[in-house]
Structures are given as structure tokens and as C-alpha cells.
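Q: Heads up: the sequence shown begins at 8 in the working numbering, then just goes up one per residue. For each residue, glycine too, the CB sits at the ideal point set by N, CA and C. Can you read through this structure? Questions will come right after.
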Amino acid sequence: MSSTNAWTNELEILKLLSEKTNDGLWLMDPQLKTVYMSPAIEHHMGYTPEEYIALPIQERLPAEALKIYQENYQKLLSQFKENPKNDSIIFELPHRHKNGNTYWGEVSVRIIQDEKHHILGFAGVTRNTHAKHILQEELAESNAYYKAILDGFTGLVYVCNEDYRVEFMNEAFIKRTGRNAVGELCYKALHNLDEKCPFCVNEKVLKNKEKVEWEIQSPLDNRWYHIINVPLDPGKGKISKLALITDITEKKESLEKLNESESLFRHLAEHSPSAIFIYQGTKFVYANPALERLVGYTHQELLNLNFWDVVAPDHREFVKQRGLKRQEGEPIENRYEFKIITKTGEEKWIDFAGTLIQFKGSPAAIGTAFDITGLKEVENRIRKSEEKFRNLFELAADGIAIFDSEGVLRDVNSRIEEIFDWKKENIIGRKIYEFLAPGQADAKPLRFDLLDEGQTVTNERSFKRTGGRERIIETHAKKMPDNSYHVFLRDMNEEKWRKIWKEAKSISGR
8 MSSTNAWTNE
18 LEILKLLSEK
28 TNDGLWLMDP
38 QLKTVYMSPA
48 IEHHMGYTPE
58 EYIALPIQER
68 LPAEALKIYQ
78 ENYQKLLSQF
88 KENPKNDSII
98 FELPHRHKNG
108 NTYWGEVSVR
118 IIQDEKHHIL
128 GFAGVTRNTH
138 AKHILQEELA
148 ESNAYYKAIL
158 DGFTGLVYVC
168 NEDYRVEFMN
178 EAFIKRTGRN
188 AVGELCYKAL
198 HNLDEKCPFC
208 VNEKVLKNKE
218 KVEWEIQSPL
228 DNRWYHIINV
238 PLDPGKGKIS
248 KLALITDITE
258 KKESLEKLNE
268 SESLFRHLAE
278 HSPSAIFIYQ
288 GTKFVYANPA
298 LERLVGYTHQ
308 ELLNLNFWDV
318 VAPDHREFVK
328 QRGLKRQEGE
338 PIENRYEFKI
348 ITKTGEEKWI
358 DFAGTLIQFK
368 GSPAAIGTAF
378 DITGLKEVEN
388 RIRKSEEKFR
398 NLFELAADGI
408 AIFDSEGVLR
418 DVNSRIEEIF
428 DWKKENIIGR
438 KIYEFLAPGQ
448 ADAKPLRFDL
458 LDEGQTVTNE
468 RSFKRTGGRE
478 RIIETHAKKM
488 PDNSYHVFLR
498 DMNEEKWRKI
508 WKEAKSISGR
């Protein structure tokens with residue numbers, strides 16, 4: 008067959024096939040110029056055959072595809088040159104759609120040759136493999152995603168088959184063994200044993216398709232591990248075993264310490280003289296014997312009560328709200344006092360301290376309480392005593408002033424207002440020297456030296472009143488145990504007038 012007939016025959020066959028197939032069929036001359044394109048190209052690439060033929064190769068293919076295209080055509084020519092029977096090649100590369108998107112296609116190229124193996128052109132088929140390529144990409148991404156998860160898992164992961172051969176190890180397991188042991192026997196690679204492990208669960212997992220979960224101490228490093236074994240069906244007709252292994256040595260040690268701490272807490276709480284309790288939500292969940300003695304309820308009775316049920320009615324609402332908000336994480340005062348009512352109806356005062364904790368995985372509050380009923384009674388007596396002292400202080404016939412070591416007045420009674428003719432608020436905070444007549448501070452100082460020795464210092468001084476008037480005041484000063492200084496002031500002008508009045512009355516009576 009002549010070269011012309013061979014080429015014409017190939018073209019006729021392509022045209023005939025192009026009407027029966029959805030693949031893109033095409034012909035290129037020896038210079039790689041497209042001379043024919045089947046109508047199917049419009050379905051795949053959006054171009055009419057005429058438009059696609061007119062496009063230069065740089066516009067048909069994205070930049071990254073040109074290199075693939077050139078390398079494969081060079082490979083085809085090289086293999087054909089070595090052996091004319093190697094006249095075809097298949098490769099995959101992205102194509103540019105008319106809408107600008109990229110679509111993948113599988114390109115099958117065959118060299119058209121004459122009897123003397125001269126290249127007459129190239130016949131090709133482009134099959135749309137975009138969906139397949141996207142699926143492969145998604146599969147690769149999925150594999151990479153799950154491999155990243157397994158590699159990111161801090162525990163150990165491996166897969167082995169029914170022949171005890173390792174099929175997969177994550178990075179953590181590779182690091183532990185010092186090598187990727189895929190293909191090796193699992194009992195040798197993982198535990199350095201020469202025969203299958205006496206604790207092997209492959210039969211349960213692979214034959215019975217059971218999930219097996221257990222804990223074991225490895226003979227290789229004596230550490231404790233939690234293992235989950237599940238059957239894995241990779242879709243190849245054989246079941247493998249997936250093992251997820253977590254080192255729980257520290258967890259077991261922590262659990263032992265936690266149990267010891269819990270035992271210690273319970274021992275201390277059970278023998279503590281102060282009431283200790285835990286409430287969660289609205290209920291008591293723990294109460295020590297001291298709380299039972301404090302409120303008169305049994306342990307079981309307390310567990311059936313709301314934590315505010317033992318609080319006195321006039322304090323109940325604020326204790327309830329603080330207790331609930333504390334569990335919600337709001338900043339609540341941790342220590343305060345309130346009244347409770349015992350089972351017998353007795354009213355008691357307690358000093359309460361509480362804080363937020365986690366109890367069995369949920370927010371709760373732990374509280375301690377001391378019975379301060381006796382202290383409250385003492386405070387009440389002291390308060391009454393202070394009120395009595397205050398009344399005596401305010402109603403005293405003489406003026407009383409309290410000042411510090413700097414001479415600053417800290418408190419005065421009502422009589423001082425009358426003597427100085429100043430309001431109390433204008434006296435407190437000022438120095439006592441400010442109320443002395445000119446020259447009095449130097450002539451008759453306060454004599455802190457004598458006061459600090461415990462002596463009572465008595466003197467007569469002239470004090471200023473409003474408007475510059477002066478009055479003669481007799482003072483008696485003494486240092487108190489709290490290091491303050493008390494001075495008693497008596498208006499000598501009034502005393503002298505009383506004496507004059509008494510003498511006048513006596514004379515007139517004669």
C-alpha cells in the first residue's frame with residue numbers, strides 16, 4: 008500500500024469511527040499539526056473541531072501539561088526508532104476547556120507508518136478521564152488524610168493479616184521499633200518474640216470478627232498499654248486486624264495516686280472537726296460526719312436535701328444564688344457567714360468557705376463550715392459594750408478627744424463641739440495644736456515623752472474658739488493600751504463662773 012493510500016485509509020477509518028464513539032479522535036501530520044478532529048471534541052472541550060484544529064498547542068494545554076506532552080512524544084519517537092513495532096504510547100495529561108477550566112484526558116497515540124517505516128503521521132484517541140482523575144485525587148487525598156490522622160495519633164497503630172504479617176505501621180510505631188516493619192511477623196517486630204504472642208487475639212478478631220479491647224504489660228518494655236483490636240476489611244477478600252495502642256503507664260500510675268489521694272482525703276474528711284461537704288447542682292453529694300453533727304441530719308438525709316434547705320430563711324436566697332452561680336464559674340466571694348437551722352430547729356451561725364471543683368467530670372463546689380455561734384454571742388456582747396461605751400463617751404460632762412502620736416484628732420465627743428464651738432466633722436482629722444491659742448504649743452507642749460512613760464499629764468491651756476475667742480481648758484491626757492492618746496477637757500471658764508455664782512449666792516443669803 009502506498010503512503011498516500013495508507014494515510015487516506017486511516018483518515019476514512021477515523022471519520023467512520025468518529026460518528027460512533029464519544030472519544031475524541033484525531034490525526035496529526037509528521038510535523039504534529041492537527042489535520043482532523045472528530046465532532047466529539049466539542050462535547051469534551053467546548054470547541055468545534057475547526058476551532059480546536061486552529062488552536063496552537065500552547066492554548067490547548069495548560070503550562071504544566073506541555074512538558075508531559077513533549078516528553079511522551081519524544082519517548083514515542085525514541086522507542087519507534089529502536090523498534091518500529093513500538094509504535095504507540097498512552098499517557099494522561101490535563102487539557103484546557105473553552106470555559107477556562109482544566110479537564111483530564113487519557114491520550115492514546117499510534118504512529119502511522121508505511122512499509123519502509125516512514126512516519127506518515129499520528130493517529131490518536133483522547134478519552135475524557137476527568138471524573139476518574141478527580142476520583143483518584145480524592146482517594147489520594149483521603150488516604151493522605153487518614154494517614155495523617157494515624158500518624159498524628161500519639162498512640163501506636165498497626166495492621167496485620169491472618170499470616171501475622173505487618174501491613175501498616177504509623178509513624179509513632181515506626182519510631183518505637185526503630186524501623187518500618189511492614190512485611191515482618193508482628194510478634195517478632197512488636198514484641199521480639201519467636202512465636203505468636205500467648206495473648207494473641209487474632210482468631211477472635213479475624214475469624215469471629217469481634218472487637219477486642221484489653222490492657223496488657225508489654226514484655227518488651229514492661230510498660231502498660233490499652234489496646235483496641237477491630238476487624239478491617241480492605242475489600243480484597245481478606246480480613247486484616249487493625250490495632251490501636253495507647254501507652255497508659257502514666258495513666259495507671261496517676262490513677263493509683265488518685266486512689267491514694269482520694270483515700271487520704273476521705274480519711275481526713277471523716278476525722279476533721281470542721282464540716283466538709285460537696286454539692287453539685289442543687290444537691291449534696293458528699294457530707295462528712297462533722298456536718299452531720301452540725302446540722303443533726305444523717306448522711307442519707309443530707310443527700311436528699313437541697314444544699315440551701317439547712318440555711319435560715321432570712322439568709323437562704325443569697326446562699327442559694329451564690330451556690331448556683333459558683334458552679335457556673337461566676338466570680339463569687341469564697342468566704343462569708345450565714346445562719347443555719349438544725350434538724351431540731353436550733354439556729355446556728357457558721358463561717359463558710361467554698362470553691363469550684365470538678366467532681367466526676369462535672370462542675371461542683373466543695374465547702375467547709377465552722378460553728379461560730381459562740382463567737383457571734385461574744386461579738387454581740389462586745390457590740391453592746393461598745394454601744395454602752397459610746398453612750399458614756401457622748402454623754403460625758405467633760406470633753407473627750409482621742410488623738411494619735413502626731414497629734415491628729417481621730418475622734419471627739421459632743422461636748423468638744425460645745426467647748427471649741429466647731430462641728431465634729433471640722434475637728435476630726437486636724438491636729439490638736441491648731442486649736443491652741445497662740446504661744447500655747449511652745450509654752451505648754453503635749454509632753455508625749457511623759458505620756459509614753461505611762462504618766463497622766465494635767466495642764467491648763469488656752470484654746471481658740473470660732474471668731475478668735477479663747478477659753479481656759481483644763482486637760483488630763485493619758486496613753487491607752489492601743490497606743491492612742493485620750494485627753495479629757497474641762498472648761499475652766501464655766502467652773503470659775505460657777506464658783507462666783509456660788510459665792511454671790513452665799514453673800515446674798517446672809
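Run the CB neighbour count on Ile357, radius 10 Å, all protein chains shown included, and call it buried at 16 or more, exposed below.
A: With 16 or more Cβ atoms within 10 Å of its Cβ, Ile357 is classed as buried.
Q: Report yes or no: do three or more beta-carbon pairs, one from the segment 430–439 and one from the segment 405–416, lie closer than 8 Å?
A: Touching, yes, given that three or more Cβ pairs across the two stretches are closer than 8 Å.
Q: Looking at Ala250 and Tyr165, is the spacing between their C-beta atoms short of 8 Å?
A: Yes. Within cutoff.
Q: Where does Asp498 fall in DSSP's three states?
A: Strand, per DSSP.
Q: What is the rounded straight-line gap between the Cα of Val317 and the Cα of Val385?
A: Approximately 24 Å, taken between the alpha carbons.
Q: According to DSSP, Arg388 sits in a beta bridge with which residue or residues?
A: The partner list for Arg388 (beta bridge, DSSP) is empty, contrary to what the question assumes.
Q: Cα separation between Gly330 and Asn187?
A: The straight-line gap from Cα to Cα measures roughly 57 Å.
Q: For Thr351, which residues from the same chain have a beta carbon less than 6 Å from its beta carbon, with the 5 sequence-adjacent residues on both sides left out?
A: Only Gly303 meet the Cβ criterion.
Q: By the three-class DSSP mapping on this structure, what secondary structure does Leu68 have?
A: Looking at Leu68 - three-state DSSP - the assignment turns out to be coil, as it is neither helix nor strand.
Q: Could you pull out every residue in the same chain whose Cβ sits closer than 7 Å to the Cβ of Phe87, ignoring the five residues on either side in sequence?
A: Closer than 7 Å at the Cβ level, and outside the excluded window around Phe87, lie Asn93, Asp94, Ile118.
Q: Please give the ranges of any alpha helix (DSSP H) in the segment 222–293, keeping only runs that are unbroken, at least 4 residues long and fully inside the region.
A: For the segment 222–293, whole alpha helix (DSSP H) runs of length 4 or above, ordered along the chain, are 256–278.
Q: Secondary structure at Asn135, three-state DSSP: helix, strand or coil?
A: If DSSP states are grouped into helix, strand and coil, Asn135 belongs with the strands.
Q: Under the three-state reduction of DSSP, which class applies to Asn106: helix, strand or coil?
A: Three-state result, Asn106: coil.
Q: Strictly by DSSP, which residues pair up with Gln365?
A: DSSP, once it has assigned bridges, lists Pro370 as partnering Gln365.
Q: If distances are taken between C-alpha atoms only, which option among Ala282, Glu401, Leu84 comes closest to Leu309?
A: Measuring from the Cα of Leu309, the nearest candidate turns out to be Ala282.
Q: When the Cα atoms are used, what is the spatial distance from Thr161 to Asp228?
A: Approximately 17 Å between the Cα atoms of the pair.
Q: May I ask you to report which of helix, strand or coil DSSP gives His192?
A: Correcting the residue type first, residue 192 is Leu in the shown sequence and not His. Here Leu192 sits in strand by DSSP.
Q: Under 8 Å between the Cβ atoms of Ala372 and Arg333?
A: The answer is yes: Cβ separation under 8 Å.
Q: Any heavy atom of the ligand ZN closer than 7 Å to the beta-carbon of Glu202?
A: For the structure depicted, the ligand ZN is absent and the ligand set is empty, with no information on it obtainable.
Q: Which residue wins for smallest C-alpha separation from Arg323, given the options Asn341, Glu335, Lys346?
A: Nearest option by C-alpha distance: Lys346.
Q: Starting from the C-beta of Ser491, find all residues in its chain whose C-beta is less than 8 Å away, skip the five residues before and the five after it, and write them out in chain order.
A: Only Ile409, Phe410, Asp411, Arg417 meet the Cβ criterion.
Q: Per DSSP, what kind of secondary structure is Arg333 in: helix, strand or coil?
A: Helix, per DSSP.
Q: On the three-state DSSP scale, how would you describe Gln120?
A: In the structure shown, Gln120 sits in a strand (DSSP, three-state: E or B).
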